[in-house]
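Here it is in structure tokens:
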């Protein structure tokens, strides 16, 4: 079985933690004056990593920096965690303290500070007021990602969903979410898909799904058939790769919830430093940047990828299932019960509810 594109022979990124000086260099090559930064989240992340690395190179504690600038330690903590943007005045004070004086480097960091305050379509009130903070960050990271790896045990990935399929999922949350929240999430999902794949240089998208996803009648045979046809259309285009873990090998997907790994670095080398993790469960989602956690998730993604059917076998399986569902939906028009689908592993398969954002 082959490793996912973009991995080494082991299927894993670098596991060693670089020292402070190496971290500073690692951050530095990610920022270029000739690059148009579109995502505030990516710019903010790049800036905070650079500032933290610069402080560590100077061997200063947060308390020492806060005392020197007459700040509170919590203010510096929020800046280094990316919880807040940093003003150009505060940034210049930090750079002076850290003895970063190279004009080009200073301008790079100032450009990131300005970019981190830019507003995107996700800042429109109809989205901002109804999406979780983690999901808002995900939208921004997607716009800058070089590679996106996604696994879902029960649903088609959000970026690959049709509107009809997504509508059924959203309506299943009517008891927990107000109509305005559901509408905002649906529109955001559709806009995400349109924008991510319409970019001049879209990210490579690697999706692993459990075979059981193909058997869940989300919306009935016709909706599901159209969804699988849409999935086939997507994987027929460059950049999108889908693999299915067959039921016979599904132990590797057990007890694993949906997650997305986004490589937002500008280099071909994969490592935890340039990757962010988005994971979700029911009404809870979060962005994780712990390198140890990302390393574990990346390793598990690679294991699932290695036991999954290859791209051609996966496409044949998806196509066969789509054809069976289409025949079932046509039979329903003739008066047969469309809930009974030929060749299903059980006589009746009903829709199930999945995680809220279904990224």
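Numbering (the working numbering), first residue to last: 4 to 362.
Idealized CB from N, CA, C, for every residue including glycine.
- Between residue 265 and residue 144, the C-beta gap is smaller than 8 angstroms, which places the two residues in contact.
- If you compare the alpha carbons of 151, 330, 54 and 251 with that of residue 311, the shortest gap goes to 251.
- Going by DSSP, residue 92 is part of the alpha helix (DSSP H) stretching over 91-100.
- Pairing residue 168 with residue 222 gives a Cβ-Cβ distance under 8 angstroms.
- Between the segment 323-331 and the segment 248-263, the count of Cβ pairs shorter than 8 angstroms is below three; the stretches do not touch.
- Taking the Cα positions, residue 82 is about 18 angstroms away from residue 102.
- Out of 319, 93, 113 and 295, the CA that lies nearest to the CA of residue 236 is found in 319.
- Residue 151: member of the beta strand (DSSP E) spanning 150-155, first to last residue.
- The DSSP-derived three-state label of residue 282 is strand.
- Around the beta carbon of residue 128, fewer than 16 other beta carbons sit within 10 angstroms, so the residue counts as exposed.
- Using a Cβ distance threshold of 8 angstroms, residue 216 and residue 163 do not count as a contacting pair.
- Counting other Cβ atoms within 10 Å of its Cβ, residue 90 stays below 16 and is therefore classed as exposed.
- Rounded to the nearest whole angstrom, the CA to CA distance from residue 77 to residue 120 is 20 angstroms.
- For residue 185, the uninterrupted alpha helix (DSSP H) segment begins and ends at 182-201.
- If you look at residue 82, you'll find it in the alpha helix (DSSP H) that goes 76-84.
- Under the Cβ criterion (8 angstroms, minimum of three pairs), the segment 110-117 does not count as touching the segment 168-183.
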